[in-house]
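Presented below is the structure to which this report refers.
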Amino acid sequence: MASSQDPLFTGLGRAMRVGTDLLASLIVGGFLGWLVDSYVFDSTPWGVSIGLVLGLVAGIRNAYRAAKRWGT
Amino acid sequence: MEDPLHSFELHTIIPLSLFGIDISVNKAVVLMWIIVGVGSVFLLKAGAAKSLVPSKLQSLAELLVDFIRGIIQDTMGPAGMRYFPFISSLFVFILFSNLLGLIPGSYTVTSQIVVTGVFAIAVYGLSLVIGFQLHGAKFLGILVPPGTPGWLLPLMIPIELISQLARPISLAVRLFANMTAGHVILGVLFGLTIGGGLLIGWLPFSFTIVLYGLEVGIAFIQAYIFVVLTCVYIGDAIHLH
Chain R
-7 MASSQDPLFT
3 GLGRAMRVGT
13 DLLASLIVGG
23 FLGWLVDSYV
33 FDSTPWGVSI
43 GLVLGLVAGI
53 RNAYRAAKRW
63 GT
Chain L
18 MEDPLHSFEL
28 HTIIPLSLFG
38 IDISVNKAVV
48 LMWIIVGVGS
58 VFLLKAGAAK
68 SLVPSKLQSL
78 AELLVDFIRG
88 IIQDTMGPAG
98 MRYFPFISSL
108 FVFILFSNLL
118 GLIPGSYTVT
128 SQIVVTGVFA
138 IAVYGLSLVI
148 GFQLHGAKFL
158 GILVPPGTPG
168 WLLPLMIPIE
178 LISQLARPIS
188 LAVRLFANMT
198 AGHVILGVLF
208 GLTIGGGLLI
218 GWLPFSFTIV
228 LYGLEVGIAF
238 IQAYIFVVLT
248 CVYIGDAIHL
258 H
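Here the protein sequences come in this chain order: R and L. If you read the first sequence in my numbering, its first letter stands for residue -7, the second for the next number, and so on. If you read the second sequence in my numbering, its first letter stands for residue 18, the second for the next number, and so on.
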């Protein structure tokens, strides 16, 4: 087994991380928006739309922050 | 051709129920018992000798311990060594379930999203508990990134909330999707091998050999990523910003 500082291991780990993180924030954003739409306010298209945009922003922000940490 | 998702179906072996809750034993449950058994026997046997010149088994276990210690030191610093037992049990369980699932005829426990989801929620819940224990109500400051101007707060708090809630989901989905996808591809290629016969069947069969090697690598990498992210999340809870 390789050491935990192995560049192949850390590289693959980072690559796997960013993709799913983007997707997961999008799903959570859309789901929260849907919850607001159906149970809190009766605002059908707006909650999901705003939630998806916020999810996208959160995903990209996370990817950016993670990438900034690798440089150091 | 056989349905490639057929191998993920679970059938009850021993029907059981406790206070109306279905706790029947199926193949995945048996496999989890085997994983716990194999992992415990391996580590107990490897740790029993404690000789200065390690045997093969002992040096394998020492590599494993050193590997996990490296991850913890990199992501959490020395303060994280308190969580070494938790992290190492998680790593050994996920690694063994990924690897044992590759044996033909056995079952990949981590290809069920129930299993990976419970792990992810437990890990994320633990990081929340640690955070609130160490910092109290100040831990809510994790939702406000440092250096945010006041007028941006109504925008930043929902974004941070979403990225926090996305953590357990991305943990669970990543492990589940990678294990399931690998096994589906192997299943499709084996189906093509049988369907193709001798004339053309050797081609997909040679792909299965290559992919099988890749799957062994993925088994390691997925266990590694799950544990690294566990460390990152707990580390975020320990060192607030």
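Glycine included, C-beta positions come from ideal geometry on N, C-alpha and C. Predicted model, so just to flag it, every value in this text is computed and none were measured.
Neighbours of residue 241 of chain L across chain R, judged by C-beta separation under 7 Å: 1, 5. Collapsing the DSSP output to three states places residue 81 of chain L in a helix. Under the Cβ distance rule, residue 20 of chain R counts among the residues neighbouring chain L, one pair being separated by less than 9 Å. Minimum Cα-Cα distance from residue 161 of chain L among the listed residues L/200, L/223, L/171 corresponds to L/171. In this structure, residue 126 of chain L lies away from residue 134 of chain L, with their beta-carbon atoms at least 9 Å apart. Straight-line measurement puts the Cα of residue 1 of chain R at about 11 Å from the Cα of residue 245 of chain L. Around the beta-carbon of residue 227 of chain L, fewer than 16 other beta-carbon atoms lie within 10 Å, marking it exposed. Taking the Cβ atoms as the reference, residue 20 of chain R lies roughly 5 Å from residue 182 of chain L, within the contact range of under 8 Å. Per DSSP, residue 2 of chain R is one residue of the alpha helix (DSSP H) stretching across -1 to 27. As the crow flies, the alpha-carbon of residue 149 of chain L is around 16 Å from that of residue 96 of chain L. Contacts with chain R (Cβ-Cβ distance below 7 Å) from the segment 172 to 204 of chain L involve 175, 176, 179, 180, 182, 183, 186, 187, 190, 191, listed in chain order.
Per the DSSP secondary-structure output, residue 42 of chain L pairs in a beta bridge with L/31. Contact note: residue 47 of chain R reaches chain L through 179, using a C-beta cutoff of 7 Å and chain order. Residue burial is scored here from C-beta neighbours: residue 70 of chain L has fewer than 16 other C-beta atoms within 10 angstroms and is therefore classed as exposed. Taking each of L/50, L/51, L/74 in turn and checking the Cα distance to residue 61 of chain L, the smallest one comes out for L/74. Contact of residue 17 of chain R with chain L by beta-carbon distance below 7 Å involves 179, 180, 183.
DSSP assignment within the segment 123 to 183 of chain L yields the following whole alpha helix (DSSP H) runs of 4 residues or more, N-terminal first: 130 to 152. Judged by DSSP secondary structure, residue 112 of chain L falls within the alpha helix (DSSP H) whose first and last residues are 101 to 117.
Taking the beta carbon of residue 238 of chain L as reference, the chain R residues within 8 Å of it are 1, 4, 5, 8, listed in sequence order. Proximity to residue 47 of chain L across L/124, L/186, L/144 peaks at L/124, based on C-alpha coordinates.
Closest option to residue 249 of chain L, judged by alpha-carbon separation, among L/208, L/211, L/144: L/144. Annotation for residue 40 of chain R: 22, 25, 26, 29 place their beta carbon closer than 8 Å to its own, counting only its chain and skipping 5 residues before and after.
In terms of beta-carbon proximity, residue 160 of chain L stays away from the interface with chain R, with every pair separated by 9 Å or more. Taking C-alpha positions only, residue 87 of chain L is separated from residue 34 of chain R by approximately 51 Å.
The segment 215 to 226 of chain L makes no contact with the segment 251 to 258 of chain L: fewer than 3 CB pairs, one atom from each, lie closer than 8 Å.
Boundaries cannot be given for residue 34 of chain R, as no alpha helix (DSSP H) includes it and DSSP labels it neither H nor E.
Proximity of residue 246 of chain L to chain R, defined by a Cβ-Cβ separation below 9 Å, is satisfied. Non-local beta-carbon contacts of residue 52 of chain L in its own chain, meaning distances under 8 Å to residues more than five positions away in sequence, involve 110, 113, 114, 117, 126 in chain order.
Within the segment 29 to 44 of chain R, no residue has its Cβ closer than 7 Å to any Cβ of chain L. Residue-level contact by beta carbon fails for residue 27 of chain R and chain L, as no gap is shorter than 9 Å.
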